[in-house]
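Here the sequence shown stands for residues 176 to 384, where the numbers follow my numbering.
Where is the CB? At the ideal position from N, CA and C, for every residue including glycine.
Computed from a predicted structure; not experimentally measured.
Each remark here refers to the structure printed beneath this line.
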Amino acid sequence: MDYNSTRPKLILSEYGRNVQMMVKHIVTLPNRDERNKYAQAVIELMGHLNPHLRDVADFKHKLWDHLFIISDFQLDVDSPYPIPGREHFQTKPQPLAYPAKKIKYKHYGKTVELLVEKLKLETDPEKREAFVATIANFMKMAYVNWNKDHVSDETIISDLKIYLGRDVAISEGLSLNKVDAPRNTTNTNRAKHHKNIKQNNQKNKKKRY
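Following this line, the structure appears as C-alpha cells:
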C-alpha cells in the first residue's frame, strides 16, 4: 500500500498531490516548448481548483508564483511574470517598532497624544480652535467607552489642558457634544427576568385562591 505518510510532503496542499506530480514531471522534460505547453495547462488546472483566487488582484500572477513554489523553484519555463526566487518567500519581515513611551491616560489612548502633537504644530488660529474641539470630543467619547459612565465637559477640558500645557490655549466657551454611556444590557435583562418571575408568582397566587 502507498500511504500519504510515505510520499513526499505536499508543498501547497490546496492544489493536491496530482498537481505536484504534474509539475515534478514538467521539470524533467528536456524540451523547453513542451515545458511551456504543459506549464500553461497546469496553470489553467490550478485556476479551476482554486476559483476563489479569481477574486484576488493579479490572480494569474499568484498562480504562476505558486507553480514555481511547487516546483521547488526548479522549473525552467517562459513565465509572463518575473520568476521569483527562493529568497523572495523565505525573507523574514522586519520586526515592528513598538513605542517605548508610556501612555499618559490609557482610557484616552495613544491617538489623543498623536493628535495633540499635530495640534501644537498648527499655526492658523481658526483651524487650531476647531482642532481643539475635535480632540476634546474624541476624548469624551473614549472616556465614556472605557469607563461606561458619564463624564462632565469640565473633566475632559481639564485633562486636555494637561496634554496641551502652555503651548495651546483653550477658549472659555468650548462646548462638547453629548455622549451617552453604553447601557448595561446584562443588568437590564436580569431585572426584566426577575420582574417577570414576580408577576408570574402573583398570578399563580391569585389562581390558588
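First through last residue of the alpha helix (DSSP H) which encompasses residue i
i: D334; result: D328 to L339
i: H227; result: First-last for H227: undefined, no H or E at that position.
i: R303; result: P300 to N322
i: I258; result: Counting along the chain, I258 falls outside any alpha helix (DSSP H), and DSSP gives it neither H nor E.
i: N193; result: G191 to T203
Close beta carbons around residue i, own chain, < 6 Å, minus the five adjacent residues each side
i: L152; result: The first residue shown for the chain is 176 and the last is 384, placing residue 152 beyond what the model contains.
i: L290; result: I310
Helix, strand or coil at residue i according to DSSP, with G and I counted as helix
i: T266; result: coil
i: H282; result: coil
i: S246; result: coil
i: G348; result: coil
i: N211; result: helix
i: N179; result: helix
i: V252; result: coil
i: K295; result: helix
i: H325; result: coil
i: D342; result: coil
i: D355; result: coil
i: A275; result: coil
i: I218; result: helix
i: L185; result: coil
Whole-number beta carbon distance between residue j and residue i, since they are thought to touch under 8 Å
i: I245; j: L187; result: 6 Å
i: L250; j: I201; result: 6 Å
i: K336; j: I345; result: 6 Å
i: L308; j: L349; result: According to the sequence as given, residue 308 is Ala; it is not Leu. Indeed, because the Cβ distance is near 6 Å, the residues count as touching under 8 Å.
Sequence-distant residues of the same chain with beta carbon closer than 7 Å to residue i, five excluded per side
i: I331; result: A311, M314, K315, Y318 and L351
i: G260; result: F248
i: E189; result: N225
i: L220; result: V194
i: E297; result: R303 and F306
Cβ neighbours of residue i in the same chain (closer than 8 Å, five flanking residues each side left out)
i: K199; result: S246
i: V287; result: Y280, I310, F313, M314, A317 and Y338
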